[in-house]
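Visitor: Got a structure for you, written out below as structure tokens; questions coming shortly.
There are 2 protein chains.
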Amino acid sequence: MVRGVGKVAEQIRPFFEPSSIAVVGASRYANKAGHVIFKNLAVNKRRGLLKAELYAVNPKVRMLLGFPCYPSLRKVPGPVELVVIVVPAKFVPDVMRDAARKEAKAIIIISSGFSEVGKHELEEEVVRIGRDAGMRILGPNCIGVFDPITGVDTLFLPETKVLTTGEEYVAAPRPMPGHVAFLTQSGAFGAAALDYMTGTQMGVSRFVSFGNRCDVDEADMLEFLKEDERTRVIIMYLESVKNGRRFMDVAKEVTKRKPVVALKAGRTGAGARAARSHTGSIAGVDEIYDAAFAQCGIVRVRGMEQLFDVGKALSMQPPARGPNIAVITDAGGPGIMAVDECVLRGLRVPELSEESKAKLRRLMEKGIIPPFAAIGNPIDLTGSATDDMYVEALKVVLEDPDIHGVIIMGLHHVPALTEVYVDRVAELAKEADKPVLACDIGETELAIYMRRRFDKLGIPAFESPEDVATAMAALVAYGRYLKKEGVLK
Amino acid sequence: MVRGVGKVAEQIRPFFEPSSIAVVGASRYANKAGHVIFKNLAVNKRRGLLKAELYAVNPKVRMLLGFPCYPSLRKVPGPVELVVIVVPAKFVPDVMRDAARKEAKAIIIISSGFSEVGKHELEEEVVRIGRDAGMRILGPNCIGVFDPITGVDTLFLPETKVLTTGEEYVAAPRPMPGHVAFLTQSGAFGAAALDYMTGTQMGVSRFVSFGNRCDVDEADMLEFLKEDERTRVIIMYLESVKNGRRFMDVAKEVTKRKPVVALKAGRTGAGARAARSHTGSIAGVDEIYDAAFAQCGIVRVRGMEQLFDVGKALSMQPPARGPNIAVITDAGGPGIMAVDECVLRGLRVPELSEESKAKLRRLMEKGIIPPFAAIGNPIDLTGSATDDMYVEALKVVLEDPDIHGVIIMGLHHVPALTEVYVDRVAELAKEADKPVLACDIGETELAIYMRRRFDKLGIPAFESPEDVATAMAALVAYGRYLKKEGVLK
Chain A
11 MVRGVGKVAE QIRPFFEPSS IAVVGASRYA NKAGHVIFKN LAVNKRRGLL
61 KAELYAVNPK VRMLLGFPCY PSLRKVPGPV ELVVIVVPAK FVPDVMRDAA
111 RKEAKAIIII SSGFSEVGKH ELEEEVVRIG RDAGMRILGP NCIGVFDPIT
161 GVDTLFLPET KVLTTGEEYV AAPRPMPGHV AFLTQSGAFG AAALDYMTGT
211 QMGVSRFVSF GNRCDVDEAD MLEFLKEDER TRVIIMYLES VKNGRRFMDV
261 AKEVTKRKPV VALKAGRTGA GARAARSHTG SIAGVDEIYD AAFAQCGIVR
311 VRGMEQLFDV GKALSMQPPA RGPNIAVITD AGGPGIMAVD ECVLRGLRVP
361 ELSEESKAKL RRLMEKGIIP PFAAIGNPID LTGSATDDMY VEALKVVLED
411 PDIHGVIIMG LHHVPALTEV YVDRVAELAK EADKPVLACD IGETELAIYM
461 RRRFDKLGIP AFESPEDVAT AMAALVAYGR YLKKEGVLK
Chain B
11 MVRGVGKVAE QIRPFFEPSS IAVVGASRYA NKAGHVIFKN LAVNKRRGLL
61 KAELYAVNPK VRMLLGFPCY PSLRKVPGPV ELVVIVVPAK FVPDVMRDAA
111 RKEAKAIIII SSGFSEVGKH ELEEEVVRIG RDAGMRILGP NCIGVFDPIT
161 GVDTLFLPET KVLTTGEEYV AAPRPMPGHV AFLTQSGAFG AAALDYMTGT
211 QMGVSRFVSF GNRCDVDEAD MLEFLKEDER TRVIIMYLES VKNGRRFMDV
261 AKEVTKRKPV VALKAGRTGA GARAARSHTG SIAGVDEIYD AAFAQCGIVR
311 VRGMEQLFDV GKALSMQPPA RGPNIAVITD AGGPGIMAVD ECVLRGLRVP
361 ELSEESKAKL RRLMEKGIIP PFAAIGNPID LTGSATDDMY VEALKVVLED
411 PDIHGVIIMG LHHVPALTEV YVDRVAELAK EADKPVLACD IGETELAIYM
461 RRRFDKLGIP AFESPEDVAT AMAALVAYGR YLKKEGVLK
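For the record, the sequence lines run as chains A and B.
So in my numbering the end of the first sequence lands on 499, straight run, no missing numbers.
So in my numbering the end of the second sequence lands on 499, straight run, no missing numbers.
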């Protein structure tokens, strides 16, 4: 089968936007994956979110949650575009053959028991059936797809859990719709990521768990997401790359249009050993990944929190045209920490130009910023900081051609600062062609309120000097790549 | 004045446990620092938390919040042990002389306008008066002291803030009583730290902001905290050390009894420049701090979140006797990430011994852990994990003499895991002489519930693989130091 550009994207689309779905192995038992998945889809269908036709397949059941249940795929009355398979591994080839007869286009195999436990032949058989019939396969041994707009949701982890006390808690939630696509080789990390994104109110555009990656891989998904208008940034968790050459070719094209962020696990010897026993994949020499990612413009991150922080920044702010950062603060210590963290990540926090300093001095003379403020860089407005001071100082550094990005290290604790400064900073930043990021420290009400308000107005806000510096470093790295490629002037 | 050991601790005690307090500059104006401070103390006094006698001093007011207000310190009827000064800088020497006449022991100068704005002579005058009268001085230019048990609270940042909409939010809260002492050179970072500690339910034993550090410095405080039974771990934010030799001598003694964790800002050239304009202190060559901290057993951290994560771990778990860590997980990807993060911090995640593996295999044969679990290291119980599996696997590694610490990477998303496993893990860990740390990923209800439950039962729980690895690395580093010093066998 030839896979031309564009072609692949069309092959992948039915995983997210199928006209019809059949769940093979739909079950009545509440704890079974086949039940949870069918129930998710049935609820989404009844709410009008899922537009696709929905079919349950299970020879032992005649009705399921109000839907007729068919003994086999072949008995389903209409066409079936997407087949979700949740039956034991040994029955999967037969289901695949049925799917081929129904001319299905996309298969998600949730079931485990394939190459990850040494059953390579079984997996190869499945791949062969899919290839012969022109069907694309996601999985096996995965949690599949979540699309908050079309309502496709194959996550079988219980959305809530009831404790032994009888209390019910949100356990594996779905994030709201947004602009971040998330691809993961680990289903468990995928579930954790959705939990994290929900709690931090980060919206998702498309979510995919690859599992054993017997057919559809990260390159296929990148090709689809390249054209996807809902997706502004792609973040992914990988333990290995399946087809290095093709991955790089595709990634190079994608990163010219939208940022791609990768967390590659199995970086150390012991980690690589663990990865081998996890998905059987060879993690490879870490330095090779470093070089490959850099060459195709993928922003590499080193930890879980970085993955989300960087994803958030890149989805909300433009890349930086250079490494020079201005820090505006009302808090001496945190201002210094922000400078340290920037410099340690290869950024520069230079003394401001004479022109900018002169402007700040005029603001002092007019009584707009206090005479004891520090006007080097960071600009320290001190505990006397007001909304106006932040606005005026921000104007100065946004106008300074030597400054490429701004960090607002605005601690809400100082008495005269109000929440209105958030709106005014956001308004100025919207007009600017350089990134503006915010940081406020604290974990009680007003800290959380201020950060959420910044986020909502398009200024990504972070919880610590190290987080905001990491995010800014990613905007600088991506900007440098785009300039080198001639995409950014 | 001779400052013998023990002597210093007695000089410092009145800052936290005074028999009487006078606030000079107590004000009726709600937004003034002199009002906020007096009100904090008055409220604590009325609630019965503050046992000390409390006096307001202000010549323009006769009664303040129900307390008589005196025109000067000299007119206060009883003795005054602690004087809190909140008057403009130029009036401070006169107040100091009055304090000397009243035979006060401890002075907190909140007021700014001293060496940080070039008024070195004024600051020297103040120091001289204090020294001549045998009074110890905290500040100037600081936010002072917070003690959750005695009710001494000189933080003038408004505890709540009213937005322009009329809504009131918690803005600068106080944490609950606990076992972590926090020392800071930056008042702003101090306020942020209290906010962070409150939100993450980390208890504080004593809080001190040094400001210009004209007299009382970090070495004095360490000497006091060494003997303080309420304090199990000391965490501090520094931009510089005042008296290197004495600091190291004191720190060496303290770290033999309880851990000390330091975040030193101004690490980079640009950061050091910023520190200079902040508190006028010379940050010094960063490598020298590295060597000095290592020599006296101080655990150095590199960022804000690390400071709290490491402080939390050290306050709750014993140091590790070696670098070998076992990881038990139900989540393949996060397990690998934990291994990577441990190894990148100098820890080892070795294959388990043949004996331990044999025990795990017997558990498999008995059907207690699944046949497809990975029993290398990490031990991956897979998505089928149950409470029992965690308990049995933990027993094996706690019994293994080659394993020095355990990370429970327990993601709550898997269907069969209940909250009871937290209690059972904690019970086993309590009997062990090796540290056990937990990690669960997610930011919605059950993730937060599980982490809080671990915390409450004495197992510090963290939000990401990198955080839990950082915490474990600190327990290993501190254990290594204590072994070298012969304190830990």
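Each residue gets a CB set at the ideal place from its N, CA and C atoms; glycine is no exception.
Quick caveat: nothing in here was measured; it's all calculated off a predicted structure.
(1) According to the neighbour-count rule (16 or more other Cβ atoms, all chains shown, within 10 Å of its Cβ), is Y459/A buried or exposed?
(2) Please confirm whether A202/A and H423/B have their CB atoms less than 8 Å apart.
(3) Closest Cβ-Cβ distance between V12/B and chain A: below 8 Å?
(4) So, does the CB of V353/B fall closer than 8 Å to a CB anywhere in chain A?
(5) Using a Cβ-Cβ cut-off of 6 Å (strictly less than) and excluding sequence neighbours within five positions of P187/A, which residues of its own chain qualify?
(6) Cβ atoms of H189/A and R255/A: under 8 Å apart, would you say?
(7) Tell me the rounded alpha-carbon separation between V15/B and A348/A.
(8) Helix or strand or just coil, what does DSSP make of P470/A?
(9) How is T396/A classed by DSSP in three states: helix, strand or coil?
(10) Give me, in chain order, the residues of the same chain whose beta-carbon lies closer than 6 Å to that of A191/A; leave out the 5 immediate sequence neighbours on both sides.
(11) Compute the Euclidean distance between the alpha carbons of V12/A and Q327/A, then round it to the nearest angstrom.
(12) Considering only residues of the region 291-371 of chain A, which uninterrupted alpha helix (DSSP H) runs meet the minimum length of 4 residues and lie entirely inside it, listed in chain order?
(13) How would you label M73/A, buried or exposed, when you count the other beta carbons within 10 angstroms and need 16 or more for buried?
(14) Which partner residues does R283/B have in the DSSP bridge list?
(15) Closest Cβ-Cβ distance between V15/B and chain A: below 8 Å?
(16) Roughly how many whole angstroms lie between the Cα atoms of L248/B and G313/A?
(17) Three-state secondary structure (DSSP) at I117/A?
(18) Which chain B residues sit within Cβ distance under 8 Å of H422/A?
(19) Under a Cβ-count criterion, where at least 16 other Cβ atoms within 10 Å of its own Cβ denotes burial, should A198/A be classed as buried or exposed?
(20) Hey, does D205/A have any beta-carbon neighbour from chain B nearer than 8 Å?
(21) Return helix, strand or coil for T174/A, following the three-state DSSP convention.
(22) Which two residues bound the contiguous beta strand (DSSP E) that contains V67/A?
(23) What did DSSP end up calling L408/A once you bin it into helix, strand or coil?
(24) Counting only the same chain and skipping the five closest in sequence on each side, list residues whose C-beta sits under 7 Å from that of K51/B.
(25) To the nearest angstrom, how far is it from the Cα of A439/B to the Cα of D477/A?
(26) Listed in chain order, which residues of the region 445-477 of chain B have Cβ atoms closer than 7 Å to some Cβ of chain A?
(27) Is P411/B near N387/B, with beta carbons less than 8 Å apart?
(28) Using a C-beta cutoff of 8 Å, does G332/B count as contacting chain A?
(29) Tell me which residues share the same chain as E91/B and place their Cβ nearer than 7 Å to its Cβ, disregarding the 5 neighbours each side in the sequence.
(30) Quick check: is the beta carbon of E263/B nearer than 8 Å to any beta carbon in chain A?
(31) Taking 8 Å as the cut-off, decide whether the C-beta atoms of R310/A and A272/A are in contact.
(32) Would you check if there are 3 or more beta carbon pairs closer than 8 Å linking the region 426-439 of chain A to the region 389-401 of chain A?
(33) Whole-angstrom Cβ separation of R371/A and I385/A, contact assumed at under 8 Å?
(34) Nearest-angstrom Cα distance between A448/B and G420/B?
(35) Comparing alpha-carbon positions, which option in G161/B, P98/B, V353/B and L204/B lies nearest V180/B?
(36) Between which two residues does the beta strand (DSSP E) harbouring I95/B extend?
Guide: On the basis of the coordinates in this document:
(1) Looking up residue 459/A in the first sequence gives position 449. The residue in question, Y459/A, is buried, as its Cβ has 16 or more Cβ neighbours within 10 Å.
(2) The count along the first sequence starts at 1 and reaches residue 202/A at position 192. The count along the second sequence starts at 1 and reaches residue 423/B at position 413. Cβ distance < 8 Å, so A202/A and H423/B count as in contact.
(3) As a working note, residue 12/B is residue 2 in the second sequence. In this prediction, V12/B has a pLDDT of 41, which is less than 50 and means its spatial position is unreliable; nothing more can be read from the coordinates.
(4) Counting from one through the second sequence, the residue named residue 353/B turns up at place 343. Closer than 8 Å to some Cβ of chain A, the Cβ of V353/B qualifies, so yes.
(5) In the first sequence, counting from the first residue as 1, residue 187/A sits at position 177. Closer than 6 Å at Cβ, skipping near neighbours: P158, I159 and G213.
(6) Taking the first sequence and counting its residues from 1, one reaches residue 255/A at position 245. Taking the first sequence and counting its residues from 1, one reaches residue 189/A at position 179. Contact flag unset, no.
(7) Taking the first residue of the second sequence as 1, we reach residue 15/B at position 5. Taking the first residue of the first sequence as 1, we reach residue 348/A at position 338. Residue confidence for V15/B is low, a pLDDT of 47 falling below 50, so the modelled location carries little weight; the figure read from the coordinates is stated next. Their backbone Cα atoms lie some 37 Å apart in a straight line.
(8) By one-based count along the first sequence, residue 470/A stands at place 460. Here P470/A sits in coil by DSSP.
(9) In the first sequence, the residue the question calls residue 396/A occupies position 386. Secondary structure of T396/A (DSSP, three-state): coil.
(10) The sequence position of residue 191/A within the first sequence is 181, counting from 1. S215, R216, L235, T241 and I244.
(11) For the purposes of this step, residue 12/A is taken as the residue at position 2 of the first sequence. For the purposes of this step, residue 327/A is taken as the residue at position 317 of the first sequence. Only weak support is given to the placement of V12/A: the predicted model assigns it a pLDDT of 41, under 50, and the question is left unresolved by the model.
(12) Runs found: 296-305, 314-326 and 342-354.
(13) On the first sequence, position 63 is the one that residue 73/A refers to. Around the CB of M73/A, fewer than 16 other CB atoms lie within 10 Å, so the residue is classed as exposed.
(14) Counted from its first residue, the second sequence places residue 283/B at position 273. For R283/B, which the question treats as bridged, DSSP gives no partner whatsoever.
(15) If you number the second sequence from 1, residue 15/B lands on position 5. Any reading at V15/B is ruled out, since the residue's pLDDT is 47, under 50, leaving its predicted position unreliable.
(16) Residue 248/B sits at position 238 when you count from the first residue of the second sequence. Residue 313/A sits at position 303 when you count from the first residue of the first sequence. Straight-line Cα distance between these residues: approximately 27 Å.
(17) Position 107 of the first sequence, counted from the first residue, corresponds to residue 117/A. I117/A: strand per DSSP, three-state reduction.
(18) Here residue 422/A corresponds to residue number 412 of the first sequence, with the count starting at 1. Those are K171 and A181, listed as they occur along chain B.
(19) The residue labelled residue 198/A in the question sits at position 188 within the first sequence. With 16 or more other Cβ atoms inside 10 Å of its own Cβ, A198/A counts as buried.
(20) Position 195 of the first sequence, counted from the start, is the residue given in the question as residue 205/A. At least one chain B Cβ lies under 8 Å of D205/A.
(21) Along the first sequence, one-based indexing puts residue 174/A at 164. Taken through DSSP and simplified to helix, strand or coil, T174/A comes out as coil.
(22) The count along the first sequence starts at 1 and reaches residue 67/A at position 57. According to the DSSP assignment, V67/A belongs to the beta strand (DSSP E) that extends over E63 to V67.
(23) Along the first sequence, read from residue 1 onward, the residue named residue 408/A stands at position 398. L408/A falls in the helix class under three-state DSSP.
(24) Here residue 51/B refers to the residue found at position 41 of the second sequence. Residue identity differs from the one stated: residue 51/B is Leu in this sequence, not Lys. For L51/B, where only same-chain residues beyond five positions count, the Cβ hits under 7 Å are I31, V33, L60, L64 and D163.
(25) The count along the second sequence starts at 1 and reaches residue 439/B at position 429. The count along the first sequence starts at 1 and reaches residue 477/A at position 467. Rounded to whole angstroms, A439/B to D477/A spans 32 Å at the Cα level.
(26) Cβ contacts with chain A: I451, G452, E453, T454, E455, L456, A457, Y459, S474, P475 and E476.
(27) By 1-based counting over the second sequence, the position of residue 411/B is 401. By 1-based counting over the second sequence, the position of residue 387/B is 377. Taking C-beta atoms as the reference points, P411/B and N387/B fail to come closer than 8 Å.
(28) By 1-based counting over the second sequence, the position of residue 332/B is 322. For G332/B, no CB of chain A lies under 8 Å from its own CB, so it is not counted at the interface with that chain.
(29) Translated into positions along the second sequence, residue 91/B becomes position 81. Excluding its 5 nearest sequence neighbours in each direction, E91/B has C-beta neighbours in its own chain below 7 Å: P24, P28, S29, S30, A114, K115 and A116, listed in chain order.
(30) For the purposes of this step, residue 263/B is identified with residue 253 of the second sequence, where counting begins at 1. For E263/B, no Cβ of chain A is located within less than 8 Å of the residue's own Cβ.
(31) Within the first sequence, numbered from 1, the residue matching residue 310/A stands at position 300. Within the first sequence, numbered from 1, the residue matching residue 272/A stands at position 262. Yes, they are a contact pair.
(32) Contact between the region 426-439 of chain A and the region 389-401 of chain A is present, because at least three Cβ pairs lie under 8 Å.
(33) The residue given as residue 371/A occupies position 361 in the first sequence. The residue given as residue 385/A occupies position 375 in the first sequence. Confirmed, about 7 Å.
(34) Locating residue 448/B in the second sequence gives position 438, where the first residue counts as 1. Locating residue 420/B in the second sequence gives position 410, where the first residue counts as 1. A448/B and G420/B: Cα-Cα distance of roughly 7 Å.
(35) Numbered from 1 along the second sequence, position 170 holds the residue referred to as residue 180/B. Cα-wise, what sits closest to V180/B is L204/B.
(36) Here residue 95/B is taken as the residue at index 85 of the second sequence, counted from 1. For I95/B, the enclosing beta strand (DSSP E) starts and ends at L92 to I95.
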